[in-house]
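For the sequence shown, the numbering used here gives the first residue as 913, with consecutive numbering after it. Heads up, the beta-carbon is just placed ideally off N, CA and C, and yes, glycines get one too. So the structure is just underneath, and the comments pick up after that.
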Amino acid sequence: LRPIHRLLSRPGTVAADARREQQSAGSTETGSEDRTPKKRFSEVQKERREQAQRTILILCPNKISEKKFLKYLSQHGPINNHFFFESFGLYAVVEFCQKESVASLQNLTRTPSMGTEAAIPFRSRFFNLKLKNSSDQTSEQSCIPCNQSPPSSKKLFELLCDAESIDDQLNTLLKEFQLTEENTKLRYLTCSLIEDIAAAYFPDCAVRPFGSSVNSFGKLGCDLDMFLDLDEIGNFNAHKTSGNFLMEFQVKNVPSERIATQKILSVIGECLDNFGPGCVGVQKILNARCPLVRFSHQASGFQCDLTTNNRIALKSSELLYIYGALDSRVRAMVFSIRCWARAHSLTSSIPGAWITNFSLTMMVIFFLQRRSPPILPTLDYLKTLADAEDKCIIEGHNCTFICDLNRIKPSKNTETLEILLKEFFEFFGNFAFNKNSINIRQGREQNKPEPSPLHIQNPFETSLNISKNVSQSQLQKFVDLARESAWILHQEDKDHPSPSSNQPWGLAALLLPSVAKSMSRDKKKRKKPASERIKNLLESIKSSPENPTNTNGKR
Ligand code: CTP
Ligand code: MG
């Protein structure tokens, strides 16, 4: 059998090594968890937000001397951190040590005079740097922009084929696709820049990122979900009242919360469209179940979705962050399943009857809760560990769970990623989707409360199905592909293909645009087995004595 190399032995690039060190979510070695204390989600959010508030974005000339650039900016105060990246031009992200430096720079910055056009004089933290004399910079060593995109398919296949084991492949894929430190900084900065615009209306508002940008499951290139948090404004007043009187603001009343949300998003959308530097393609989608403003932030290249008062979604991001940090196998599995689903067009960037990445993540978490011993605890168990300060009720929904992830015991399960991947496909290839609902709160399947083809209970708004949009045919496609993928992995086990051969193997074979293609490379010519046939074949492999199913991690 192929040796299971637990450590990535391929020498990495300096940049990749640095990035690896910077990743906060722990080691990626199966079975050897990083024991350094992990930060609470709320601490990470607070730190990142504060960091973003003293950070600026600059469109630079294409040729620029890094040294002169830094010297020029340092006249406003010491710089903590900076990096360059390429989008439609060369950009720099500069983090000052103090917030005051930003104001100092703004004071020395002019609004451009535009000739025939006119400029909206909005003083943001997004600048345009021009050279007074371009010739004196070209001779200097210029800056090296860092990468903000995932690897190409070709590069990915090469990396996967060079890996030493399926475990190594999953960890490689994770390292290549996870958000880099720079990309994460850029996400928080973008929210902070939008917050400045929203603050024109609501001075004490916060614009907070949520979803895959913060839950540790974000892939390079994923959208940026953010919400306008106006709760702080209300809370501020509540704490300040004392004595016999209660002071309230005179406000405009509207018939419902939804209408209030629509009105707020409508003006913020207008504001972004009219005054937001770099905000393009602003669409107000106010009649959706959850009204939103969608736009592109041209400089960062992020597709942004702005909603309001989405505290439950932020809590669900926190829950996923905890699950992602508890065991290094979780993120490796989720990234691979997300890539697998994308490669086979099970997911799409266009909304529709497709499975979403969020649903896939829930499915992986549920599967890991079902292992023996479980790799992840149930949400109900995380609730029992909560103490008084963790208590959290949002809009009548109990969102309480332990926030200090260092107090959650690590799993005793030692299964390899290879086994988990294979078992994942078998588990969902045989799951009774017609009668059961996936429930991470209880970590057990439940009877479906309604007839949607795929039912995944929203962990906090328990009457909601997060995959209500998924059609029967899309679910069937998922099941068929899961079975075929399980089949490929079983076949490989039998045939012992050599990782050194030029053929895609393991995860690389599963990611080929059509699974059928990789099956045809099999020398024995056989017609593509139908889903049911694969299922039966898998069953027979599992029950035959010379092929005991590996569920205990021993090979
Ligand atoms: N969400 C939810 N219920 C849904 C869809 C989304 O609660 N039916 C919440 C989740 O917290 C999710 C967030 O909204 O993480 C953002 O949704 P989406 O962008 O669809 O998912 P992401 O997790 O951000 O994944 P992706 O990388 O595909 O953007
Ligand atoms: Mg998202």
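In the DSSP assignment, the alpha helix (DSSP H) including residue i goes from what residue to what residue?
{"i": "Cys1183", "result": "Glu1169 to Phe1187"}
{"i": "Leu1142", "result": "First-last for Leu1142: undefined, no H or E at that position."}
{"i": "Asn1019", "result": "Glu1012 to Asn1019"}
{"i": "Ser954", "result": "Phe953 to Gln965"}
{"i": "Ala1420", "result": "Gly1418 to Leu1423"}
Please go through the same chain and pick out, in chain order, the residues whose beta-carbon is closer than 7 Å to the beta-carbon of residue i, but skip the five residues on each side of it.
{"i": "Asp1137", "result": "Pro1121, Phe1122, Gly1123, Ser1125 and Asp1217"}
{"i": "Asn1318", "result": "Pro949 and Lys950"}
{"i": "Ala1031", "result": "Thr1023 and Pro1024"}
{"i": "Cys1202", "result": "Thr1219"}
{"i": "Leu1101", "result": "Ala964, Thr967, Leu969 and Val1005"}
{"i": "Leu1198", "result": "Gln1174, Leu1177 and Ser1178"}
{"i": "Phe1313", "result": "Leu1231, Leu1291, Leu1294, Lys1295, Ala1298 and Asp1302"}
{"i": "Lys1227", "result": "Cys1304, Ile1306, Cys1311 and Phe1372"}
Would you call residue i buried or exposed, if buried means 16 or more other Cβ atoms sit within 10 Å of its Cβ?
{"i": "Lys979", "result": "exposed"}
{"i": "Val1382", "result": "buried"}
{"i": "Ile886", "result": "Any property of residue 886 remains undetermined from this structure, which presents the chain solely from 913 to 1467."}
{"i": "Tyr1113", "result": "exposed"}
{"i": "Pro1157", "result": "A quick correction: the sequence has Phe, not Pro, at residue 1157. Phe1157 is exposed by the Cβ-count criterion."}
{"i": "Lys1466", "result": "Low confidence applies here, because Lys1466 scores a pLDDT of 34, under 50, leaving its location unreliable and the question unanswered by this model."}
{"i": "Leu1423", "result": "buried"}
{"i": "Glu1330", "result": "buried"}
{"i": "Lys958", "result": "exposed"}
{"i": "Phe1480", "result": "Absent from the structure is residue 1480, since the part of the chain shown begins at 913 and ends at 1467."}
{"i": "Asn1221", "result": "buried"}
{"i": "Phe1270", "result": "buried"}
{"i": "Ile1320", "result": "buried"}
{"i": "Leu1376", "result": "exposed"}
{"i": "Leu1085", "result": "buried"}
{"i": "Ala1225", "result": "buried"}
{"i": "Phe1038", "result": "buried"}
{"i": "Tyr1233", "result": "buried"}
{"i": "Glu1396", "result": "buried"}
{"i": "Ala1200", "result": "exposed"}
{"i": "Ile1262", "result": "exposed"}
{"i": "Val1163", "result": "exposed"}
{"i": "Asn1359", "result": "exposed"}
{"i": "Pro1115", "result": "exposed"}
{"i": "Phe1336", "result": "buried"}
{"i": "Gly1190", "result": "buried"}
{"i": "Ile1171", "result": "exposed"}
{"i": "Phe1161", "result": "exposed"}
{"i": "Pro1322", "result": "exposed"}
Going by DSSP, what residue range makes up the beta strand (DSSP E) through residue i?
{"i": "Phe1161", "result": "Phe1161 -> no beta strand (DSSP E), and no H or E assigned at all."}
{"i": "Val1006", "result": "Gly1001 to Phe1008"}
{"i": "Val1192", "result": "Cys1191 to Ile1197"}
{"i": "Phe1038", "result": "Phe1038 to Asn1040"}
Within the same chain, show all residues whose beta-carbon is closer than 6 Å to that of residue i, passing over the 5 residues directly before and after it, in chain order.
{"i": "Thr1285", "result": "Correcting the residue type first, residue 1285 is Pro in the shown sequence and not Thr. The answer, listed in chain order, is Lys1324 and Asn1325."}
{"i": "His1256", "result": "Leu1393"}
{"i": "Phe1034", "result": "Phe1187"}
{"i": "Cys1103", "result": "Val1119, Pro1121 and Met1138"}
{"i": "Gly1181", "result": "Val1194, Lys1196 and Val1205"}
{"i": "Pro1063", "result": "Glu1088"}
{"i": "His988", "result": "Ser1013, Ser1016 and Leu1017"}
{"i": "Leu1401", "result": "Lys1334"}
{"i": "Leu1041", "result": "Ile970 and Cys972"}
{"i": "Asn1462", "result": "Residue placement at Asn1462 cannot be trusted, given a pLDDT of 41 that sits under 50; the coordinates are not used to answer."}
For residue i, which residues in the same chain have their Cβ closer than 8 Å to its Cβ, ignoring the five residues on either side in sequence?
{"i": "Cys1117", "result": "Glu1107, Ala1110, Ala1111, Leu1140, Asp1141, Leu1142, Glu1144 and Ile1145"}
{"i": "Asp1292", "result": "Arg1353, Gln1354 and Gly1355"}
{"i": "Ala1265", "result": "Asn1381, Val1382, Ser1383, Ser1385 and Gln1386"}
{"i": "Ser1364", "result": "Asn1377, Ser1379, Lys1380 and Val1382"}
{"i": "Cys1009", "result": "Arg966, Gly989, Pro990, Ile991 and Asn992"}
{"i": "Phe1247", "result": "Leu1082, Leu1085, Leu1086, Phe1089, Gln1090, Phe1129 and Lys1131"}
Practice problem: Take every Cβ of the region 1298-1310, pair it with every Cβ of the region 1272-1283, and state whether three or more of those distances are shorter than 8 Å. | Solution: no
Exercise. Could you tell me which uninterrupted alpha helix (DSSP H) segments, each at least 4 residues in length, are contained entirely in the region 1268-1348, listed from first to last along the chain?
Key: 1269-1281, 1291-1296 and 1329-1341
Quiz prompt | Start-end ranges of the alpha helix (DSSP H) lying completely within the region 1202-1241, minimum 4 residues | solution = 1223-1238
Quiz item: Using 8 Å as the Cβ pair cut-off and three pairs as the minimum, do the region 996-1013 and the region 1172-1187 touch?
Solution: no
Exercise. Can you check the region 967-993 for any beta strand (DSSP E) of at least 3 residues that lies completely inside it and give the ranges in chain order?
Key: 967-972
Quiz item: Which residue spans inside the region 1048-1128 form an unbroken alpha helix (DSSP H) run of at least 4?
Solution: 1065-1074, 1078-1089 and 1093-1110
Quiz item: If we count Cβ pairs, one from each stretch, closer than 8 Å, do we get three or more for the region 1250-1266 versus the region 1340-1347?
Solution: no
Quiz item: Quick one: any contact between the region 984-1001 and the region 1055-1064, if contact means 3 or more CB pairs under 8 Å?
Solution: yes
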